[in-house]
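Have a look at the structure below before the remarks.
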Amino acid sequence: QALLPVLVSGGKVLNDEWPSEAEVMSDVLINEFNQAVQWQEPRSRNTAENALYTQEILHKAGVKRIILVTHALHMRRAVEQFEKQGLKVIPAPTIFLSKAQKIDIFSFLPTANALQNSSLIIHEIIGRAWYALRY
179 QALLPVLVSG GKVLNDEWPS EAEVMSDVLI NEFNQAVQWQ EPRSRNTAEN
229 ALYTQEILHK AGVKRIILVT HALHMRRAVE QFEKQGLKVI PAPTIFLSKA
279 QKIDIFSFLP TANALQNSSL IIHEIIGRAW YALRY
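For the sequence shown, the positions run 179 to 313 when our numbering is used.
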């Protein structure tokens with residue numbers, strides 16, 4: 179059980195008929211971790227909107243400082259967006275792509291995991307460039 183109030187953020191990204199990311203996260207936190215969720219932000223479609231709509235909710239509650247939990251690869255862009263909205267951010271990254279491993283001859287062969295990681299990294303690089311231009 180967290181000692182601080184929890185807000186989950188994320189809209190209906192893929193399909194309007196499916197629950198929002200915020201609803202899914204809230205259900206998991208409540209049902210799997212017995213963790214109460216104080217606020218849900220179900221409208222956002224991207225990180226900039228996550229920050230904007232979250233700030234609107236937290237401003238009304240008088241919250242100015244947050245612990246931001248997101249994928250480690252995505253943290254830099256997320257922190258930038260939340261700070262642009264005037265929030266003091268304490269980063270709490272999760273899901274790190276790197277891990278300690280020994281290097282051998284097989285380390286240089288292509289793998290599905292490496293391809294997936296490359297895709298995530300390219301997505302984040304393009305996202306940062308887009309945000310630099312748009313936001």
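Idealized CB from N, CA, C, for every residue including glycine.
By the C-beta criterion, the region 233-250 is judged to be in contact with the region 260-275, since at least 3 inter-stretch pairs fall below 8 Å. When the beta-carbon positions are compared, Ile208 and Ala200 stay at least 8 Å from each other. Under the DSSP assignment, Leu230 falls outside any beta strand (DSSP E), being part of the alpha helix (DSSP H) whose first and last residues are Thr225 to Lys238. Here DSSP, grouped into helix, strand and coil, assigns Ser187 to strand.
Sequence-distant partners of Gln218 (beyond 5 residues in either direction) whose C-beta falls short of 6 Å from its own C-beta, in its chain, are Val186, Ala200 and Ser204. With contacts defined as CB atoms closer than 8 Å, Leu230 and Glu302 fail to qualify as a contacting pair.
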